[in-house]
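Residue 327 is where the sequence shown ends in the working numbering, and the numbering goes up by one at each step.
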Amino acid sequence: MVTALSFSTGDSLRREGDLPAALTVLMEEAAESGGDPWVLYALAWTANRMELPEEAVSPALAAWRAEPSNPWFLAEYMRAMRAMGMYHEVLSCSVFVRGGGVCRYYLADCEMDLGSEETPSLDYLVRESSGDDSAAADACIWLSIVQLGNDDPQAALSSASRAVDLVPEDAFYRCVLAQRMAEAGSLETSRDILAGLRLEGETDLSYWQACAALSSAEGDEDRVIWALRRARECRRCPGTDRELGWALYFAGRDALREGDTELCRHRLTEAAVAGDTAEVFVQRADSLLELLNEFEKGPAGGSGRNSGPAPGGPLPGKASLARCR
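Shown next, in the form of structure tokens:
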């Protein structure tokens, strides 16, 4: 089937991972496509990953209305509504959801966010995950993500492990399991999984995120940054900007505490341009760079107001590494 998407420059940019550029082009193409559902879907998908759900909800709905049997179109519509806090509207889509895939995940996630006493979609994933086929594996992986969001890492690890047991050839499942293993401290198992994926040529976003998780568990700050740079190359969006930016900020802060002002400046300068100026990590990197500049301009060993914090001394603020899924 040939659609407008077959000739879409915006979709090519999307697949290459340049989402900021893709978004601009896809908006133009969607207006000129005559309502092609695949172009509308590509626009909605991109806008959602760019954390612009208000730009995603209308094209996603239009795409789904054009092809109501397509679960991927429905998924982007549900994702946009969930990001806008429209949990009840998401749950109202349950009558259109079949199986235990991503749409079921959004339903279960909203049930948890609302603290619902009845959780039919979560219960569905639990039941479906007990099977012995690929549908059960898919339910397991989405259940794992729900469980991690519900602060149950051990259950999330068990569900991801079962997904891989059922469909061992699925690279995404193995990446999720490698990340769960690293976060649980099973570093050797995580290394083995990632080594196997690397030999198979895996270089997708989830692979590099798992590599970053393993490197973080190993305490290898430089390799965390290296892996997150690769992840950002796979998909440039606020989520990957944020993961890299916070890693760079923390690395710069650590370098300053250790007295390595040159490395500190290098890390913070990269962090300061890694995302939008509204991002907290950008603002903190800029602030710490200003303090470093004041310190270096001050008298040697000075303690005046312009000398700033001495390398190795206490630093302002501590932020948590923001992670996107």
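Where a beta carbon is used, it is the ideal one built from N, C-alpha and C, also for glycine.
Computed from a predicted structure; not experimentally measured.
Once the 5 residues before and after residue i are set aside, which same chain residues still bring their CB inside 7 Å of it?
i      : result
VAL166 : TYR175, ARG176 and LEU179
ASP115 : TYR89
LEU150 : ALA158
LEU196 : ALA180, ALA212, CYS213 and LEU216
PRO73  : GLY103 and CYS105
When burial is assigned at 16 or more other CB atoms within 10 Å of the CB, is residue i buried or exposed?
i      : result
ARG17  : exposed
GLN156 : exposed
THR26  : exposed
ALA280 : exposed
PRO39  : buried
PRO22  : exposed
ASP13  : buried
ASN295 : exposed
On a Cα-Cα basis, can you pick out the residue from the options that is closest to residue i?
i      : options                           : result
ALA257 : CYS266, LEU250 and TYR251         : CYS266
SER289 : ALA274, GLU298, ASP38 and ASP278  : ALA274
ALA139 : LEU150, ASP172 and ALA219         : ASP172
GLY36  : ALA186, ARG182, ASP13 and ALA65   : ALA65
LEU199 : LEU291, PRO170, TYR126 and PHE283 : PRO170
GLU30  : ARG51, PRO61 and LEU270           : PRO61
For residue i, does the three-state DSSP call read helix, strand or coil?
i      : result
ARG100 : coil
ASP172 : coil
ARG238 : strand
ASP20  : strand
LEU230 : helix
PRO122 : helix
PRO61  : helix
MET52  : coil
ALA273 : helix
What distance in whole Å lies between the Cβ atoms of residue j and residue i, which are believed to be in contact at a cut-off of 8 Å?
i      : j      : result
VAL99  : ARG106 : 6 Å
SER192 : LEU216 : 5 Å
VAL104 : TRP47  : With a Cβ gap of about 12 Å, VAL104 and TRP47 do not count as contacting.
CYS213 : ALA229 : 4 Å
Excluding sequence positions up to five away, which residues of its chain have a Cβ less than 6 Å from the Cβ of residue i?
i      : result
PRO55  : ALA82, ALA85 and MET86
GLU272 : LEU250
Please list, in chain order, all residues of the same chain as residue i whose beta carbon is under 8 Å from its beta carbon, the five residues on each side excluded.
i      : result
GLY304 : Caution is warranted here: a pLDDT of 48 is assigned to GLY304, below 50, making its placement in the model unreliable, and the coordinate value is therefore given only provisionally. Cβ neighbours of GLY304 beyond the five flanking positions: none.
CYS2   : Residue 2 is absent from the model: the chain starts at 3 and stops at 327.
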